[in-house]
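Quick notes on the structure that follows.
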Amino acid sequence: MPIDRELLKGSIALLILKLLSERDMYGYEIIQESVHRSQDAFEFKEGTLYPALHQLHKRGYLRSEWRTGENGKQRKYYSLTAAGRKAARRSEQEWFSFTKVVNSILSKAHS
Amino acid sequence: MTHLDRIVSRVILLAKLPGNKPRCEVEKELRAHLDDLAEEARSQGYDDEAAARIVRMRFGQPEEVAAAFASVYAPERLAKRILQSAILVTASTVAVVVAIGTVQSIAALCTANSIISTLRDIHRELFGFAAIVAGYCSLYAGERLFPTSLARTLLPSVTLGLWLAAVFGWLIPQHGALPLVAFMCAAFGRLLQRVEIPLVWLAGTGGPLLIAWALCGPLISGWQFPWLVWLGLTISCKALREIVRLFERVFVEDFA
Chain A
0 MPIDRELLKG SIALLILKLL SERDMYGYEI IQESVHRSQD AFEFKEGTLY
50 PALHQLHKRG YLRSEWRTGE NGKQRKYYSL TAAGRKAARR SEQEWFSFTK
100 VVNSILSKAH S
Chain W
0 MTHLDRIVSR VILLAKLPGN KPRCEVEKEL RAHLDDLAEE ARSQGYDDEA
50 AARIVRMRFG QPEEVAAAFA SVYAPERLAK RILQSAILVT ASTVAVVVAI
100 GTVQSIAALC TANSIISTLR DIHRELFGFA AIVAGYCSLY AGERLFPTSL
150 ARTLLPSVTL GLWLAAVFGW LIPQHGALPL VAFMCAAFGR LLQRVEIPLV
200 WLAGTGGPLL IAWALCGPLI SGWQFPWLVW LGLTISCKAL REIVRLFERV
250 FVEDFA
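So the sequence lines, in the order shown, correspond to chains A and W.
Numbering-wise, the first sequence is residues 0 to 110 according to numbering that gives the first Met the number 0.
Numbering-wise, the second sequence is residues 0 to 255 according to numbering that gives the first Met the number 0.
Here it is, written out as structure tokens:
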């Protein structure tokens, strides 16, 4: 089932931080990984990932560098800074608290 | 230009990124992403046309991406605008002081007055210099902010003019008229510089002064038309036009 775009927009920073906490990635790779892990449920306009990456970079959560891949293509890889790691942990905790509250409301509404 | 280039160019054009470096970075990054998308579509067996359609669909509207970039870089853009405005106002003030100082020095020479005493008193004309710069630059700001509507182009000048009238009326009630007339002359001068007929703009610097002189001549200069003031205003407007042109050449990327 596709996920609502607005819902996705609000959580894109968390997804980026979480994925980058595992390894350095470039934009296209972040999208591939998100789509793969969500089992194709994520359908967002890929161009909008880059402003989000730049925003996080400006906040000091990410650093970036151009690297040349095996096929000779240059790609801009992003990695987390120390502040980014903290922000990733904080955002993840906030997300779990939020979903817990929403789930508890929804489960009571169903019962 | 390929369809991928067109998408990237559209984003770059609309995003108004502050400076060359972020522009080149974003351009290169988006281009690499679009290449990957197109390659993925082709590897799935789509022809070039279908691949282009898929790229457009997956990437999203360039306008939407540009708006998101514009919002990310809004503080930097604002800071750059403020800095550019400060440079323009400073250069304009220097140009006006030099222009009027030169006119007054030449007049002093012609009338066998002392240049030193003339220039020593030039600070008394501070309100006049500020008014000329404010009149000219506020109209220029109107042109940049609202290029398609004349009424809206005039809006910053009219608003600033009313504020200055109140400030001059309060600070220098006896002598508030002349800086206000200078303000109007500079603003009308700039307005008529947009007309492509040579020398028409001279009527802009002369008109308000002529009206003010006809209505209250003795308050300004007695019953003799203040030619020297008009000359100073006209040369100032000419100098300001060159300053504005230079400004647009230096910051060419923002005026493309």
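Cβ atoms here follow ideal geometry from the backbone N, Cα and C, with glycine treated the same way.
Taking the straight line between their C-alpha atoms, what separation do you get for residue i and residue j?
i                      : j                      : result
residue 82 of chain A  : residue 189 of chain W : 51 Å
residue 161 of chain W : residue 130 of chain W : 12 Å
residue 199 of chain W : residue 8 of chain W   : 40 Å
residue 183 of chain W : residue 78 of chain W  : 29 Å
residue 104 of chain W : residue 133 of chain W : 24 Å
residue 48 of chain W  : residue 62 of chain W  : 22 Å
residue 99 of chain W  : residue 68 of chain W  : 45 Å
residue 17 of chain W  : residue 75 of chain W  : 6 Å
residue 50 of chain W  : residue 75 of chain A  : 23 Å
residue 101 of chain W : residue 168 of chain W : 29 Å
residue 44 of chain A  : residue 60 of chain W  : 8 Å
residue 155 of chain W : residue 144 of chain W : 9 Å
residue 50 of chain A  : residue 64 of chain W  : 7 Å
residue 247 of chain W : residue 12 of chain A  : 38 Å
residue 173 of chain W : residue 83 of chain W  : 35 Å
residue 25 of chain A  : residue 97 of chain W  : 55 Å
residue 56 of chain W  : residue 149 of chain W : 40 Å
Quick one: is residue i near chain A, going by C-beta distance under 8 Å?
i                     : result
residue 35 of chain W : yes
residue 26 of chain W : no
residue 63 of chain W : yes
Within 10 Å of its beta-carbon, does residue i have 16 or more other beta-carbons around it, so buried, or fewer, so exposed?
i                      : result
residue 109 of chain W : exposed
residue 136 of chain W : buried
residue 12 of chain W  : exposed
residue 212 of chain W : buried
residue 28 of chain W  : buried
residue 73 of chain A  : exposed
residue 96 of chain A  : exposed
Can you list, in chain order, the residues of its chain whose CB lies under 8 Å from that of residue i, leaving out five sequence neighbours each side?
i                     : result
residue 33 of chain W : 3, 6, 7, 54 and 58
Determine which residues share a DSSP beta bridge with residue i and list them.
i                      : result
residue 169 of chain W : Answer is none; residue 169 of chain W lacks a bridge partner.
residue 67 of chain A  : A/73
residue 61 of chain A  : A/79
residue 56 of chain W  : Residue 56 of chain W is not bridged to any residue.
residue 24 of chain A  : A/77
For chain W, find out if any of its Cβ atoms is closer than 8 Å to the Cβ of residue i; answer yes or no.
i                     : result
residue 45 of chain A : yes
residue 73 of chain A : yes
residue 83 of chain A : no
residue 38 of chain A : no
residue 27 of chain A : yes
residue 77 of chain A : no
residue 57 of chain A : yes
residue 53 of chain A : yes
Got a sec? Which residues, its chain only, sit under 7 Å from residue i by beta carbon, not counting five neighbours each side?
i                      : result
residue 17 of chain A  : 87 and 91
residue 58 of chain A  : none
residue 269 of chain W : Shown here, chain W extends from 0 to 255; a query on residue 269 of chain W therefore has no answer.
residue 106 of chain W : 227
residue 240 of chain W : 192
For residue i, which residues of its own chain have a beta-carbon under 6 Å away from its beta-carbon, when the five flanking residues on both sides are left out?
i                      : result
residue 204 of chain W : 184, 188, 232, 233 and 236
residue 230 of chain W : 102
Say yes only if the C-beta of residue i is nearer than 7 Å to one or more non-hydrogen atoms of the ligand NAP, and no if none qualify.
i                     : result
residue 39 of chain W : Looking for the ligand NAP in the displayed structure turns up nothing, as the structure carries no ligands at all.
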